[in-house]
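Here is the structure we will look at.
2 protein chains.
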Amino acid sequence: MMSLLGAPPRIVNLGLDVFAAELGRIGVPVVHTDWRPPAGGDPRLAELLGRLAAAHDRIARANAVAFDRLVNGEPALIDCRPAREALGLADRVVLHAGPPLDWTRACEPMRAAILCAIRYEGWAADDAGAQRLVERGDVRVEPCHHHGAVGPMTGMITASMPVLVVENRRFGNRAAATINEGLGKVLRFGANDASVIERLRWLAAEAGPLLGAALRTTGGIDLRTLMAQAVRMGDEMHQRNVAASSLLARALMAPLARAATDGQALARLAAFVAGNDQFYLNVAMAAGKALADPVSGVPDSTLVHVMARNGTDFGIRVSALGDRWFTAPVNMPAGLYFPGHGPDDANPDLGDSAIVETIGLGAVAMAAAPAVARFVGAGGVAESLAATAEMREIVHDEHPHFRVPALDERGTPAGIDVRRVVETGITPMINTGIASRNAGVGQIGAGVVRAPLACFTAALEALAETIR
Amino acid sequence: MMSLLGAPPRIVNLGLDVFAAELGRIGVPVVHTDWRPPAGGDPRLAELLGRLAAAHDRIARANAVAFDRLVNGEPALIDCRPAREALGLADRVVLHAGPPLDWTRACEPMRAAILCAIRYEGWAADDAGAQRLVERGDVRVEPCHHHGAVGPMTGMITASMPVLVVENRRFGNRAAATINEGLGKVLRFGANDASVIERLRWLAAEAGPLLGAALRTTGGIDLRTLMAQAVRMGDEMHQRNVAASSLLARALMAPLARAATDGQALARLAAFVAGNDQFYLNVAMAAGKALADPVSGVPDSTLVHVMARNGTDFGIRVSALGDRWFTAPVNMPAGLYFPGHGPDDANPDLGDSAIVETIGLGAVAMAAAPAVARFVGAGGVAESLAATAEMREIVHDEHPHFRVPALDERGTPAGIDVRRVVETGITPMINTGIASRNAGVGQIGAGVVRAPLACFTAALEALAETIR
Numbered sequence: 002m003m004s005l006l007g008a009p010p011r012i013v014n015l016g017l018d019v020f021a022a023e024l025g026r027i028g029v030p031v032v033h034t035d036w037r038p039p040a041g042g043d044p045r046l047a048e049l050l051g052r053l054a055a056a057h058d059r060i061a062r063a064n065a066v067a068f069d070r071l072v073n074g075e076p077a078l079i080d081c082r083p084a085r086e087a088l089g090l091a092d093r094v095v096l097h098a099g100p101p102l103d104w105t106r107a108c109e110p111m112r113a114a115i116l117c118a119i120r121y122e123g124w125a126a127d128d129a130g131a132q133r134l135v136e137r138g139d140v141r142v143e144p145c146h147h148h149g150a151v152g153p154m155t156g157m158i159t160a161s162m163p164v165l166v167v168e169n170r171r172f173g174n175r176a177a178a179t180i181n182e183g184l185g186k187v188l189r190f191g192a193n194d195a196s197v198i199e200r201l202r203w204l205a206a207e208a209g210p211l212l213g214a215a216l217r218t219t220g221g222i223d224l225r226t227l228m229a230q231a232v233r234m235g236d237e238m239h240q241r242n243v244a245a246s247s248l249l250a251r252a253l254m255a256p257l258a259r260a261a262t263d264g265q266a267l268a269r270l271a272a273f274v275a276g277n278d279q280f281y282l283n284v285a286m287a288a289g290k291a292l293a294d295p296v297s298g299v300p301d302s303t304l305v306h307v308m309a310r311n312g313t314d315f316g317i318r319v320s321a322l323g324d325r326w327f328t329a330p331v332n333m334p335a336g337l338y339f340p341g342h343g344p345d346d347a348n349p350d351l352g353d354s355a356i357v358e359t360i361g362l363g364a365v366a367m368a369a370a371p372a373v374a375r376f377v378g379a380g381g382v383a384e385s386l387a388a389t390a391e392m393r394e395i396v397h398d399e400h401p402h403f404r405v406p407a408l409d410e411r412g413t414p415a416g417i418d419v420r421r422v423v424e425t426g427i428t429p430m431i432n433t434g435i436a437s438r439n440a441g442v443g444q445i446g447a448g449v450v451r452a453p454l455a456c457f458t459a460a461l462e463a464l465a466e467t468i469r
Numbered sequence: 002m003m004s005l006l007g008a009p010p011r012i013v014n015l016g017l018d019v020f021a022a023e024l025g026r027i028g029v030p031v032v033h034t035d036w037r038p039p040a041g042g043d044p045r046l047a048e049l050l051g052r053l054a055a056a057h058d059r060i061a062r063a064n065a066v067a068f069d070r071l072v073n074g075e076p077a078l079i080d081c082r083p084a085r086e087a088l089g090l091a092d093r094v095v096l097h098a099g100p101p102l103d104w105t106r107a108c109e110p111m112r113a114a115i116l117c118a119i120r121y122e123g124w125a126a127d128d129a130g131a132q133r134l135v136e137r138g139d140v141r142v143e144p145c146h147h148h149g150a151v152g153p154m155t156g157m158i159t160a161s162m163p164v165l166v167v168e169n170r171r172f173g174n175r176a177a178a179t180i181n182e183g184l185g186k187v188l189r190f191g192a193n194d195a196s197v198i199e200r201l202r203w204l205a206a207e208a209g210p211l212l213g214a215a216l217r218t219t220g221g222i223d224l225r226t227l228m229a230q231a232v233r234m235g236d237e238m239h240q241r242n243v244a245a246s247s248l249l250a251r252a253l254m255a256p257l258a259r260a261a262t263d264g265q266a267l268a269r270l271a272a273f274v275a276g277n278d279q280f281y282l283n284v285a286m287a288a289g290k291a292l293a294d295p296v297s298g299v300p301d302s303t304l305v306h307v308m309a310r311n312g313t314d315f316g317i318r319v320s321a322l323g324d325r326w327f328t329a330p331v332n333m334p335a336g337l338y339f340p341g342h343g344p345d346d347a348n349p350d351l352g353d354s355a356i357v358e359t360i361g362l363g364a365v366a367m368a369a370a371p372a373v374a375r376f377v378g379a380g381g382v383a384e385s386l387a388a389t390a391e392m393r394e395i396v397h398d399e400h401p402h403f404r405v406p407a408l409d410e411r412g413t414p415a416g417i418d419v420r421r422v423v424e425t426g427i428t429p430m431i432n433t434g435i436a437s438r439n440a441g442v443g444q445i446g447a448g449v450v451r452a453p454l455a456c457f458t459a460a461l462e463a464l465a466e467t468i469r
């Protein structure tokens, strides 16, 4: 007690910063802690969190199981086949990104892409005919996630499109995504002209079959090692995939050379792969779904296993609640625009690609990729470290395999916990491309967006009902 | 004056730290500056530095010219051809790394490699016969640097070996290096068994011609862009080349596919390239020489344009002094060893690969590659930043193209200045492989080594004679 009183007071301020500011003004040293009441002081949410707190130990055990499933899966790229074969996808079905979407609520680029996909398949000759098929229900429009797949931006998948197949060898489950089309006018961003369809036909007729033949000779390419290596090389694997794309291209060279029967076809595929730094994004997404699917259905687990957007709604799925969607209106991304474009042209947030944030990559791994923070207008090294530090507040733990040299080998934050999101009010940050809100234009920029809190509060309500 | 005296004294301590330590002990805040007398207080060197200081403006202008030549060259990988064609290399000549080396002073792995290279060329049937050729002068042993080339470790080049050719398109000069053999038992580390020769024959008969045919169709691959990208991906391009190797492999895929007439030969080359994360090292070295050669011969410039080691001597060349060597005994590297090996087995420092430190990569760029600092036993993020900060003390400026995301886009230190090295006593740090001191073993580890100060003091003497 004597020693306690023998020194001047040392002051820690919690919460409102006006006290700290005032003490600072008169020269008194003060440590300010940015404390806020849980759940922003909302009594209903605080009560729900309190109910879950009573089951804390049970939830902790469940989340440990779910986290282990999420981070210790063993994804391998094993094949490339038409969606018809790989996913059992029927004709006259168009898969899209995000949670279920009624045609009447779909945004412009989503509508344009759906109609273009129908024309590509030859189910209609023009957009008007295609739209009649959709409106009559003669073409069904369903989420990729309901068919074992994920798609970037609009996320279009139809039966004849080749999809890359990832097997999670720890659990035996598979997931798929289309071949990334590259930049410029591409279907996933809502472009819909003849060049889009021509590229899709080449992918189906030449590139996909050659990739598939090569992959089937490899016995599977170990993606966990490749992705861990890419994180060490500055990829967060959402906005930046140059390392993963190059590593995969290098790994594919010899199998492609062995599988190719036509040197010119091989050269065309090689040039296509080499010309697209985002080639790996779709592989990362398929790997993400293959890793996250086994997290679904762990009783009492509050970890998120899907985040996805359809341009209208943002949806999440939570482990204990299986495949139930919790949705809220999507936010607008903030970022940098290509010349001639700006925020007024931007479509709301879009795509299944937030699966990479769900598994501990993308914006949550920004510390691995300070160049991305700069690219999306979010600052430099300090800001990239801060982004990852903030995301650490809402996850279960650090990823044991995705380790960041700039963090002295600490892992990326992984296993988003619904409780932590609601309690802190910190919503998952997502790196994203920005599509034009107008059909036929394509990508106009890149940036960062937040998942809407309302998905997580809705999920918390359901968790409090379920975990008793 | 009143305001100066109106506050308590603020203390800065220069030089000996005992004063600072004592003040710290009694609780007085003190800023300690680790000042040391120039050139370690050596009066002779201080006098030489003083003489050069009289020509400061002239030297500054010359170094600006030399620095511009060093950092703004435009290296392009244009070809792969036998050294006979690319370098005009005669039969019965063996090129080695480092400054000129008398056979009697050569270390074991260097001797083993020279004799193996002679057997590979068929100039002798066994080591004894090969050694007689060297001792009689019937085979000449000369530095790579005297023939427009560079070689890693022992640096062996003979006439039939294919070399990768880099053209500096800003100046029209060319430089070359062999194809990296991969890891394990390889000629450059002094291994010399049948497997070494078999691989060399495959490189000459199949891999080299295919690479050459592909490269000649490209019009040249821009290496400045590729290397700048690789620095952003965690390569310092001496110890770590995984990014540059992958980017180059990806860029070569389509040209190789177009050039190949035999799918199996293409597959063998692709597997070889994909299996070697250090494939790019030799390309970086050839690019380094192509970038550094134009720096030779700028009157009054004190910048270094060559650092090279032959396992016995370390040699440097300085711009104003053209191609004159300044040598001193090489140091021993310190680092980490493969299981079963240790410092007692290590050969002294070896190889032309310090050309990458000469152009602003390797250990001087450690901040770009914290994983390397860890790999060579030199710490983590803080130590990698400190290494680059220390090297900044002895260079002309920061590289305008090799920029480091972890440094918020600052460039790597480039243009080692003989004056700064002698004045500070800070010698260039070099990342290096460690060869066994015994013939036939190969690589036993990797680490860090310092250039010997005596090369720089000798060069300073000559500069003080030349610049008047």
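These protein sequence lines map, in sequence, to chains A and B.
Using my numbering, count along the first sequence one by one with no gaps and you end on 469.
Using my numbering, count along the second sequence one by one with no gaps and you end on 469.
Glycine included, each C-beta is placed from N, C-alpha and C at the ideal position.
Exercise for review: Quick one: residues in its chain with C-beta nearer than 6 Å to the C-beta of R141 of chain A, no 5 flanking neighbours on either side, listed in chain order?
Suggested key: Position 140 of the first sequence, counted from the start, is the residue given in the question as residue 141 of chain A. If we look at R141 of chain A and ignore the five residues flanking it on each side, its Cβ neighbours are V94.
Review point. From what residue to what residue does the alpha helix (DSSP H) around F172 of chain A run?
Key: Indexing the first sequence from 1 puts residue 172 of chain A at position 171. No alpha helix (DSSP H) contains F172 of chain A, which DSSP labels as neither H nor E.
Point to revise | Cβ-based contacts, 7 Å cut-off: residues of the stretch 247-262 of chain B near chain A | key: Listed by position along the chain: S247, L248, A250, R251, A252, M254, A255, A258, R259 and A261.
Practice item. Would you mind working out which of B:I356, B:S437 and B:A285 sits nearest R225 of chain B, comparing C-alpha positions? Key: Residue mapping note: residue 225 of chain B aligns to position 224 of the second sequence, counting from 1. Taking only the C-alpha atoms, the option nearest R225 of chain B is B:A285.
Review point. Taking the Cβ atom as the reference point for each residue, do L78 of chain B and G361 of chain B lie within a distance shorter than 9 Å?
Key: For this step, residue 78 of chain B is matched to residue 77 along the second sequence. For this step, residue 361 of chain B is matched to residue 360 along the second sequence. Their beta carbons are not under 9 Å apart, which means L78 of chain B does not touch G361 of chain B by this criterion.
Check your understanding: What three-state label does DSSP hand Q230 of chain A in the structure shown?
Key -> Here residue 230 of chain A refers to the residue found at position 229 of the first sequence. In the structure shown, Q230 of chain A sits in a helix (DSSP, three-state: H, G or I).
Review point. If you scan the stretch 318-380 of chain B from start to end, which runs of the alpha helix (DSSP H) of 4 or more residues do you find wholly inside it?
Key: 356-359 and 371-376
Practice item. For I431 of chain B, name the three-state secondary structure that DSSP assigns. Key: To locate residue 431 of chain B, count along the second sequence from 1; it is residue 430. I431 of chain B falls in the strand class under three-state DSSP.
Check your understanding: Closer than 9 Å, Cβ to any Cβ of chain B: which residues of the stretch 17-36 of chain A, in chain order?
Key -> none
Point to revise | Minimum C-alpha distance to S354 of chain A - residue among A:G341, A:P153 and A:S161 | key: Here the question's residue 354 of chain A lines up with position 353 in the first sequence. With distances taken between Cα atoms, S354 of chain A lies closest to A:P153.
Check your understanding: So which residues on chain B does D409 of chain A lean against when the C-beta distance must stay under 7 Å?
Key -> Position 408 of the first sequence, counting from 1, holds the residue named residue 409 of chain A. Correct list: G381 and V382.
Practice item. Give the residues of chain B in contact with A275 of chain A, contact being defined as C-beta atoms less than 7 Å apart. Key: Start at 1 with the first residue of the first sequence, and residue 275 of chain A comes out as number 274. Per Cβ cutoff of 7 Å: R251, A252, M254 and A255.
Review point. Quick one: Cα of V274 of chain B to Cα of R251 of chain A, how far?
Key: Residue numbering aside, residue 274 of chain B sits at position 273 when the second sequence is read from its first letter. Residue numbering aside, residue 251 of chain A sits at position 250 when the first sequence is read from its first letter. Cα to Cα, V274 of chain B sits roughly 8 Å from R251 of chain A.
Check your understanding: For A1 of chain B versus A208 of chain B, is the C-beta spacing smaller than 9 Å?
Key -> As displayed, chain B neither begins before 2 nor continues past 469, which places residue 1 of chain B out of reach and without an answer.
Point to revise | Residue range of the beta strand (DSSP E) that includes L24 of chain B | key: Position 23 of the second sequence, counting from 1, holds the residue named residue 24 of chain B. Note, L24 of chain B: premise wrong, no beta strand (DSSP E); alpha helix (DSSP H) at V19 to R26.
Practice item. Please report how far the alpha carbon of V449 of chain A lies from the alpha carbon of A40 of chain A, in whole angstroms. Key: As a working mapping, residue 449 of chain A is identified with position 448 in the first sequence. As a working mapping, residue 40 of chain A is identified with position 39 in the first sequence. So the two alpha carbons sit approximately 23 Å from each other.
Practice item. Ignore the nearest five residues each way along the sequence and tell me which others in L50 of chain A's own chain have a CB closer than 7 Å to its CB. Key: The sequence position of residue 50 of chain A within the first sequence is 49, counting from 1. Excluding sequence neighbours, L50 of chain A sits near P39, A40, R420, V423 and E424.
Practice item. Name the two residues that bound the continuous alpha helix (DSSP H) containing C456 of chain B. Key: Locating residue 456 of chain B in the second sequence gives position 455, counting from the first residue. L454 to T467 is the span of the alpha helix (DSSP H), which, as asked, contains C456 of chain B.
Exercise for review: Just the C-alpha distance for R469 of chain B and R133 of chain B, rounded to the nearest angstrom, thanks.
Suggested key: Sequence index remark: in the second sequence, residue 469 of chain B carries index 468 (1-based). Sequence index remark: in the second sequence, residue 133 of chain B carries index 132 (1-based). Their Cα atoms are separated by approximately 48 Å.
Exercise for review: Could you confirm whether any beta carbon from chain A is found closer than 9 Å to the beta carbon of V243 of chain B?
Suggested key: Looking up residue 243 of chain B in the second sequence gives position 242. Answer yes: the Cβ-Cβ gap between V243 of chain B and chain A drops below 9 Å somewhere.
Check your understanding: Should D350 of chain A be listed as close to the ligand HEM, given that the test is whether its C-beta is under 8 Å from any heavy atom?
Key -> This structure does not include the ligand HEM; it has no bound ligands of any sort.
Practice item. Report the three-state DSSP secondary structure of R411 of chain B (helix, strand or coil). Key: Taking the first residue of the second sequence as position 1, residue 411 of chain B is located at position 410. Reduced to three states, the DSSP call for R411 of chain B is strand.
Practice item. Mark I340 of chain B as exposed unless 16 or more other C-beta atoms lie within 10 angstroms of its C-beta, in which case mark it buried. Key: Taking the first residue of the second sequence as 1, we reach residue 340 of chain B at position 339. Note on identity: in this sequence residue 340 of chain B is Pro, with Ile being the wrong assignment. Label assigned to P340 of chain B: exposed.
Practice item. Using a threshold of 9 Å, state whether the C-beta atoms of L282 of chain A and G446 of chain A are closer than that. Key: To locate residue 282 of chain A, count along the first sequence from 1; it is residue 281. To locate residue 446 of chain A, count along the first sequence from 1; it is residue 445. Result no, Cβ atoms of L282 of chain A and G446 of chain A do not sit closer than 9 Å.
Point to revise | DSSP state of T155 of chain A mapped onto helix, strand, coil | key: As a first step, residue 155 of chain A must be located in the first sequence, where it is residue number 154. Correct three-state label for T155 of chain A: coil.
Review point. Does the separation of the CB atoms of Q279 of chain A and V377 of chain A fall below 9 Å?
Key: The residue you call residue 279 of chain A lines up with position 278 of the first sequence. The residue you call residue 377 of chain A lines up with position 376 of the first sequence. Result no, Cβ atoms of Q279 of chain A and V377 of chain A do not sit closer than 9 Å.
Check your understanding: First and last residue of the beta strand (DSSP E) that includes R82 of chain B?
Key -> Working through the second sequence from its first residue, we reach residue 82 of chain B at position 81. Per DSSP, R82 of chain B belongs to the beta strand (DSSP E) from P76 to P83.
Review point. Under 9 Å between C-beta atoms, does G264 of chain B make it to chain A?
Key: Counting from one through the second sequence, the residue named residue 264 of chain B turns up at place 263. For G264 of chain B, the answer is yes, since a Cβ of chain A falls inside 9 Å of its Cβ.
Point to revise | Within 7 Å of chain A by C-beta, residues of the stretch 385-406 of chain B in sequence order | key: For the stretch 385-406 of chain B, the beta-carbon criterion of a distance under 7 Å to any beta-carbon of chain A is satisfied by P406.
Check your understanding: Out of curiosity, what's the CA-to-CA distance linking Y121 of chain B and G426 of chain B?
Key -> Counting from one through the second sequence, the residue named residue 121 of chain B turns up at place 120. Counting from one through the second sequence, the residue named residue 426 of chain B turns up at place 425. C-alpha separation (whole angstroms): 43 Å.
Exercise for review: Answer with yes or no whether the minimum CB distance from G235 of chain B to chain A is below 9 Å.
Suggested key: Position 234 of the second sequence holds residue 235 of chain B. Cβ-Cβ to chain A under 9 Å: yes for G235 of chain B.
Check your understanding: Is DSSP giving R404 of chain A helix, strand or coil here?
Key -> To locate residue 404 of chain A, count along the first sequence from 1; it is residue 403. Three-state result, R404 of chain A: strand.
Check your understanding: If the cut is a Cβ gap below 7 Å, which residues of chain B does L267 of chain A touch?
Key -> Translated into positions along the first sequence, residue 267 of chain A becomes position 266. Close to L267 of chain A, with beta-carbon spacing below 7 Å, are these residues of chain B in chain order: A258.
Check your understanding: Would you say A370 of chain A faces chain B, with C-beta separation under 9 Å as the test?
Key -> On the first sequence, residue 370 of chain A is found 369 positions in, with the first residue counted as 1. It does: the Cβ of A370 of chain A has a partner Cβ on chain B nearer than 9 Å.
**Study point:** Residue environment, G220 of chain A, which counts as buried when at least 16 other CB atoms sit within 10 Å
**Key:** Here residue 220 of chain A corresponds to residue number 219 of the first sequence, with the count starting at 1. Label assigned to G220 of chain A: exposed.
Practice item. Look up L90 of chain B in the DSSP assignment and say whether it is helix, strand or coil. Key: On the second sequence, residue 90 of chain B is found 89 positions in, with the first residue counted as 1. For L90 of chain B, the three-state secondary structure derived from DSSP is coil.
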